[in-house]
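Chemist: Position 170 of the sequence shown, counted from 1, bears residue number 172 in the UniProt record's numbering, the numbering being contiguous throughout.
We treat Cβ as the ideally placed atom computed from N, Cα and C, and that holds for glycine.
Mind looking over this structure? Questions follow.
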Amino acid sequence: DPIISFEKVNKWYGNDFHVLRDIDLSVAQGERIVICGPSGSGKSTLIRCVNALEEYQEGRLVVDGIELGDDVKAIDQVRRKVGMVFQQFNLFPHLTVMENLTLSPMWVGKLPKKQAEEKAMQQLERVRIAEQAAKYPLQLSGGQQQRVAIARALCLTPRIMLFDEPTSALDPEMIKEVLDVMIELAEQGMTMLCVTHEMGFAKAVADSVIFMDQGQIVERNKPHDFFNNP
Ligand code: ADP
Ligand code: ADP
C-alpha cells in the first residue's frame with residue numbers, strides 16, 4: 003500500500019479560487035518526490051495537505067493508513083507522523099536550540115526533561131549541530147538554523163518528511179550543508195516530499211519529479227526523463 007494516497011483531491015480558497023484540481027498522487031514508503039512548477043501553482047498547498055495544515059473540500063487523502071477528513075483526532079495523529087520544514091525555519095528566537103526541540107511536547111513527546119534532552123541531542127547530532135545546542139537561533143547562520151529545524155522535525159520520529167523550499171531563504175554558500183542533510187535522510191530511506199528549485203538535489207535523490215501548473219499535476223517522471231524533456 004502507498005504511504006500517501008491522494009484521490010481526486012480538490013481544494014478551493016473561498017468560492018472560486020480552485021487551488022488543487024483533481025490531485026491523484028500515490029507515494030510509496032521510502033519514495034523521494036520533488037515537486038516543482040511556477041509560483042502559485044499549488045505546490046505548497048499540496049504538501050501542506052499531507053500534515054493537515056490545509057483542508058480540502060473534495061476527494062480522499064490517506065496518510066500512513068489514516069484518512070484525513072474533518073476528524074480532529076486523525077489530524078492530530080497524522081501531525082505526529084509527518085515532520086515539516088519550512089522556508090523560514092520557524093524557530094522561536096527567545097528559546098535556545100535545545101529548548102526549541104524540547105519545550106513543547108509536540109516534538110519530543112511527553113518525556114522527563116533529561117530523556118527529552120537526550121532524544122533532542124541525538125537528532126541535533128544527526129544534522130551535525132549538537133555543539134550549538136545552548137545557542138539562540140539568531141546566533142547561528144541560516145544553514146545552521148535550518149538544520150535545527152530539520153532536527154526538530156526529526157524528533158517526531160516521522161514516517162514522512164515534507165520540505166517546503168527549505169533552501170530558498172539561504173545564502174548560496176549555506177545551501178549545500180542543508181541539502182547534504184536532506185540527501186542523508188533520503189539515503190536512510192525516509193519518505194520525502196520536497197518542494198524545491200534545487201535540481202541537483204532532484205537529480206541526486208528523487209525517485210520522481212512532479213511538475214505542477216495551475217493546481218494540477220501535469221507531469222510525473224523519473225528525474226532522468228524529466229531533465230531530458232524540456
Ligand atoms: P506555490 O507553492 O506553488 O507557490 P501555493 O500553494 O503557495 O503555491 O499557492 C497556490 C495559490 O493559492 C496561489 O495563487 C496563492 O496566492 C493562493 N493562496 C495560498 N494561500 C491562500 C489563502 N490562504 N487564501 C487565498 N489564496 C491563497
Ligand atoms: P495550528 O494548526 O492552530 O496552527 P498547530 O499546533 O497544529 O496549530 O501547529 C502550529 C504550527 O506548528 C503550524 O502552523 C506549523 O507551522 C507547525 N507544525 C504543525 N505540525 C507540524 C509538523 N508535523 N511538522 C512541522 N511543523 C508543524
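(1) According to DSSP, is C157 helix, strand or coil?
(2) Does the contact criterion of 3 or more C-beta pairs under 8 Å hold for the region 207-225 versus the region 33-52?
(3) Taking all protein chains shown into account, decide if residue 1 is buried (16 or more other Cβ within 10 angstroms of its Cβ) or exposed.
(4) At a threshold of 6 Å, does S170 count as lining ligand 1 (C-beta to nearest heavy atom)?
(5) Of all the alpha helix (DSSP H) runs that stay within the bounds of the region 106-166, which reach a length of 4 or more residues?
(6) Counting by C-beta, which residues lie closer than 5 Å to a heavy atom of ligand 1, in chain order?
(7) Between which residues of its own chain and W14 is the CB-CB distance below 7 Å, once the five residues before and five after are set aside?
(8) Can you check which of these residues, R130, K45 and L164, is closest to F88 by C-alpha distance?
(9) Under 7 Å between the Cβ atoms of P4 and S28?
(10) What are the start and end residues of the beta strand (DSSP E) that includes E9?
(11) Can you list, in chain order, the residues of its chain with a C-beta nearer than 7 Å to that of D173? Leave out the 5 residues immediately preceding and following it.
(12) Return helix, strand or coil for D78, following the three-state DSSP convention.
(13) At which residue ranges does the region 157-224 contain complete beta strand (DSSP E) runs of 3 or more residues, listed in the order of the chain?
(14) Taking only beta-carbon atoms, is E56 less than 7 Å away from chain C?
(15) Which of helix, strand or coil does DSSP assign to D227?
(16) To the nearest angstrom, how far is it from the Cα of Q125 to the Cα of E9?
Modeler: Let me lay it out:
(1) coil
(2) yes
(3) The structure shown has nothing for residue 1, since the chain only spans 3 to 232.
(4) no
(5) 107-110, 115-128 and 144-156
(6) Y15, V21, S41, G42, S43, G44, K45, S46 and T47
(7) H20, V21 and Q59
(8) L164
(9) yes
(10) I6 to Y15
(11) G144
(12) helix
(13) 162-166, 193-197, 210-215 and 218-223
(14) The structure shown contains no chain C; it holds only a single protein chain.
(15) helix
(16) 34 Å
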